[in-house]
Structure formats: structure tokens, C-alpha cells
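Line order of the protein sequences matches chains A and L. Mapped onto this note's numbering, the consecutive letters of the first sequence carry residue numbers 312 to 557. Mapped onto this note's numbering, the consecutive letters of the second sequence carry residue numbers 312 to 557. Note that the Cβ used here is the ideal one computed from N, Cα and C, for glycine as well. This one's a predicted model, so the numbers in the text were calculated from it and none came from an experiment. I have placed the structure first, in the form of C-alpha cells, so that the comments after it can refer back to it.
There are 2 protein chains.
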Amino acid sequence: MASGFYFLYGLCLCLSLLCALFVVSWGLYWRGGFAWDGSQLHFNWHPVLMVSGLVILYGNSAVVYRLPFTWKQKKLIWKLVHAGMMFLALLLSGLGLSATFDFHRAFNIPHLYSVHSWVGISTVVLFSSQWLLGLAGFLLPCSPTWIRTSLKPVHIWMGKVILVFSLISCVSGINEKLLLTLNGVSAALYNTLPVEAVFVNFLGILIVAFGLGVFGILSVKKWQRPEADPENHVNYQPYHVSSQIK
Amino acid sequence: MASGFYFLYGLCLCLSLLCALFVVSWGLYWRGGFAWDGSQLHFNWHPVLMVSGLVILYGNSAVVYRLPFTWKQKKLIWKLVHAGMMFLALLLSGLGLSATFDFHRAFNIPHLYSVHSWVGISTVVLFSSQWLLGLAGFLLPCSPTWIRTSLKPVHIWMGKVILVFSLISCVSGINEKLLLTLNGVSAALYNTLPVEAVFVNFLGILIVAFGLGVFGILSVKKWQRPEADPENHVNYQPYHVSSQIK
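This is the structure:
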């Protein structure tokens with residue numbers, strides 16, 4: 312049972328690493344590197360930060376409760392790890408958005424015109440709302456049990472929805488950037504499939520494969536953290552339940 | 312319970328209709344109409360057939376077992392409806408692919424160069440394999456029960472994966488087509504957000520919203536067709552089980 316999980320989890324970790332390597336290499340090798348100075352290089356942070364935040368960190372944080380070695384440990388610790396990783400993911404995606412807005416301002420390019428940008432901004436808005444609702448519902452000790460119980464299936468479902476949004480945003484963004492940069496240099500260069508295009512198309516495929524790996528882990532019920540764990544439950548009762556016990 | 316289902320199902324039907332109206336209007340009003348003659352108009356079938364097949368028909372067929380009024384009827388009838396709708400969806404998407412390949416040949420444009428096309432072709436390949444496996448596993452009476460039992464969760468999971476692929480393909484395709492057509496006429500016209508761009512961006516949002524509606528229906532367990540239905544079960548035993556009964 313656990314071997315199946317660790318195989319898929321290992322695959323996801325390898326795909327995470329490959330996605331990171333591919334997106335950084337794209338910026339370094341083909342797009343001239345990185346800078347935060349309003350130049351063309353400023354934009355190159357956008358794909359790196361979005362893929363790192365919305366895909367790699369988000370996906371790895373989504374499956375953190377599934378790690379069998381954590382099931383004997385207090386759930387609160389892993390809630391904090393999950394929330395912390397998600398916060399970092401949100402921070403990176405926020406920085407990634409600001410990289411593209413700064414670049415647009417510097418080159419007088421209008422913001423939010425493509426369907427990629429519409430889906431992308433919706434992803435970050437949904438993700439921010441999900442994070443704030445998760446914080447209020449599951450981490451603040453004053454939130455009542457009925458809220459936690461009703462919020463949990465919605466939180467899990469919204470988590471998967473946001474990952475679908477992230478995959479759509481990243482793949483459409485890669486397509487857009489390749490069309491704009493390669494075709495901007497010489498007519499229809501993207502369709503001659505230069506090495507950059509093949510390499511970055513593969514990045515798109517790696518991102519989708521990672522997303523599917525995460526969905527695969529989330530879809531297996533026996534890999535869920537067991538709910539019945541009285542010790543941890545007592546350690547993390549909401550306030551009003553704790554006071555009833557006292 | 313059923314009212315929640317019918318609300319979401321009604322929403323999905325409305326979104327299906329809107330997606331169809333939007334994608335046909337795009338072709339008719341802004342792209343000059345439709346023809347099957349190797350001209351620019353030949354390509355216009357591509358978005359219409361892909362959205363109709365991979366999104367509208369596929370999504371509606373995925374939720375056909377959830378309709379409460381079908382639960383008292385023989386499951387075999389609804390298996391045939393599901394398989395028939397999926398076959399039609401596959402046929403439309405095959406035609407949609409041929410529209411783009413014909414257009415590329417006529418205008419000497421290379422095939423399968425963008426990440427949209429890579430994800431898109433993977434979607435149709437996965438969909439074809441899923442349909443054939445579904446036919447062999449669930450409709451051919453000679454397939455043994457253990458195959459049906461093991462295949463069912465994989466079939467359901469793959470069905471959702473293919474829908475995610477379809478959404479990625481459609482949104483990235485819309486983005487690509489707008490970048491290639493609008494920017495081909497005057498520099499960076501897409502980023503000035505003409506009416507066509509706003510209209511077609513909304514088509515992308517409608518497609519994503521429809522996909523989420525379908526995922527919403529599929530994620531609610533109490534909306535699943537009840538499994539325990541001995542009458543229907545006897546009516547559709549695989550051959551080897553029927554012979555044991557006799």
C-alpha cells in the first residue's frame with residue numbers, strides 16, 4: 312500500500328525538480344537571465360515564480376497530509392506546515408504577478424488582456440480566498456466545529472479546482488510567451504520548432520504530468536491521513552470544545 | 312438533495328448552450344463563417360468541433376449516470392447512451408483535428424508545434440484509449456467481473472483527467488488563435504482588447520466554468536447512481552456469471 316504511495320510521491324518530487332530546472336533554464340539559457348529592474352529580464356521571473364508557487368509548492372503542499380510518517384505526529388504541526396507552504400506559494404505567485412505587471416508598465420503593454428491572464432488572475436484570487444478561509448476555518452482556535460466540518464469538503468474540492476486553474480494558466484502562459492517572443496523575432500518561428508520551443512513545450516508537459524501525479528495521490532482514499540486519532544484531537548480542540556471539557 | 316443536483320445540472324446545461332453559441336458566433340461573426348475547402352474558413356471548424364466534442368458532449372456524457380430519473384431504468388440503456396455520446400464526442404474531436412491538419416497542409420503550416428497542440432493531441436489519444444478500454448471492459452458481455460471491478464475506478468479517474476486535459480487544450484487554443492489572428496493583422500492588437508478578444512476570452516471562462524460544474528456534479532457522492540439494484544444487475548451479467556446462474 313505505502314509502496315504505491317511512495318512511488319507516486321517520488322515521481323511527483325522528481326517532476327517538481329524537473330519543472331524547476333526547466334523553467335529556470337528557459338530564463339537563463341534562452342531569455343537572457345533574471346533581473347528586477349523593469350527590463351525584459353524582469354519578466355523572466357514571471358514563469359519561474361508562477362511555476363514554483365502555483366504548481367510545485369502548491370502541489371507538494373496539497374499532498375503533505377498523505378505522508379504516512381506524519382500520521383503519528385500532531386495534526387496541528389502538519390496544518391502549520393501545509394498553511395506555511397501554501398503561504399509561501401501565495402507569496403511567490405504574488406511576486407510573479409508583480410513581475411509581469413512591472414514589465415507591462417515599463418514597456419507600455421496593457422495588463423490582463425489575454426484569456427491566459429484572465430484565468431491566471433482568477434487562480435491567484437481563488438487561491439488567496441482559499442488560504443484566508445482555510446486560516447479562519449481550520450487554524451484559528453475560535454472557529455466552531457460545525458464550520459470546520461462543513462468547510463472541509465469545500466476546502467478539499469476548491470484545492471483541486473485551484474490546481475486545475477494553475478495548470479490551465481501555466482500551459483496557456485507558456486504558449487503565449489513562446490508565440491510572442493519567438494514569432495516577434497521572425498515570422499512564425501515557433502512553428503519551425505526551434506530547440507527553445509521543444510524544451511519549453513516539454514516544460515508544459517512536465518507541469519501537466521506533475522499535476523496529474525498530485526491528483527493521483529489525492530484520489531486514493533487509503534492514502535488519506537486517518538481521522539480517528541483521539542490524542543491529536545484533544546491537543547487541537549477549538550476553544551469552545553476545550554472549555555466544555557474543562 | 313435532488314434540487315441541488317438539478318440546480319447544478321441546469322447551470323451546466325446553460326453553460327453548454329452558451330459555450331456552443333459563443334464558439335459558433337466567433338466563427339460566423341468575426342472569422343468569416345465556415346467551409347470545408349482548405350481555406351481560412353476550413354480552420355474555423357476546429358474550435359467549434361473541439362469545444363462541442365471535448366467539452367460540451369464529453370462533459371454532459373460524463374454526468375449522464377447522475378440523472379436521478381434514470382436510476383430506476385436498466386443500467387445497460389444508460390451505458391449505451393454514455394458510450395454513444397462519448398463516441399459522438401470522439402468523432403467530433405477527430406473531425407476537429409482533421410480541420411486543423413487540412414488547414415495546415417493548405418497553408419504550409421507545420422503540424423503540432425505548440426504546447427497547445429501537444430496537450431490537445433494527447434487529450435484525443437487519451438480519450439480514444441479510454442473509449443476503447445471502456446467498450447471492452449464495460450460493454451462487451453464477455454469481459455469478466457474482476458476486470459469491470461478493477462477498471463471502474465481507473466475509468467472514472469481517467470475520465471476526470473481527460474476533462475482537465477480538454478480544458479487546458481481549449482483555453483490554450485483560444486489564446487493561441489487570438490494571438491495569431493489578431494496580432495497577425497496589426498501589431499499586438501490582442502492587447503488592445505477589441506470586442507472579439509473580450510468575447511472569446513469570455514468563451515474561455517465559460518468553458519472553464521462548465522468544466523468546474525461537471526467536476527462539481529462528479530464530486531458529490533450522494534448524486535451517484537445507487538449500485539445495489541439487483542433487477543438491473545441480473546439483466547446485465549457478464550456471460551460467465553450468467554452461465555453460473557443458469
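| query | result |
| --- | --- |
| Alpha helix (DSSP H) segment containing Q441(L), residue limits | 426-445 |
| Whole-angstrom C-beta distance between W429(A) and G524(L), which should lie under 8 angstroms | About 18 angstroms; that fails the 8 angstroms criterion. |
| Cutoff 8 angstroms: I516(L) Cβ touching any chain A Cβ | yes |
| Chain-ordered neighbours of I485(A) on chain L, where CB pairs are closer than 7 angstroms | V426 |
| Cross-chain neighbours of A508(A) in chain L, by beta carbon under 7 angstroms | Y424 |
| Environment of C453(L) [buried if 16+ CB atoms lie within 10 Å] | exposed |
| Distance between F316(A) and G470(L) (C-alpha atoms, nearest Å) | 21 angstroms |
| As assigned by DSSP and simplified to three states, the class of C453(L) | coil |
| Chain-ordered chain L contacts of T503(A) [CB-CB under 9 angstroms] | P421, Y424 |
| Residue interval of the alpha helix (DSSP H) (run including L332(L)) | 313-336 |
| Residue environment, A447(A), which counts as buried when at least 16 other CB atoms sit within 10 Å | exposed |
| Where L319(L) meets chain A, residues with beta-carbon distance less than 7 angstroms | Per Cβ cutoff of 7 angstroms: no residues; L319(L) is ~13 angstroms from chain A at best. |
| Contact list for W429(L) against chain A, beta-carbon separation under 8 angstroms | N512, G515, I516 |
| Option nearest N502(L) by Cα separation, candidates L401(A), L489(A), I518(A), I420(A) | I420(A) |
| Buried or exposed (CB count within 10 angstroms, at least 16 for buried), E487(L) | buried |
| Counted within 10 angstroms of its Cβ, other Cβ atoms place I473(L) as buried (16 or more) or exposed | buried |
| Proximal residues to F412(A) (C-beta, below 8 angstroms), its chain only, five neighbours per side dropped | H422 |
| 6 angstroms CB neighbourhood of Y320(L) in its chain, flanking five on each side removed | none |
| Close-in-space but distant-in-sequence residues of the same chain around S483(L) (CB under 6 angstroms, 5 per side omitted) | H427 |
| Classification of P455(A) by the beta-carbon crowding that lies within 10 angstroms, buried from 16 upward | exposed |
| Cβ distance (whole Å) where T434(A) is taken to contact S372(A) below 8 angstroms | Not really, about 15 angstroms apart at Cβ, beyond 8 angstroms. |
| Min CB distance L491(L) to chain A below 8 angstroms | yes |
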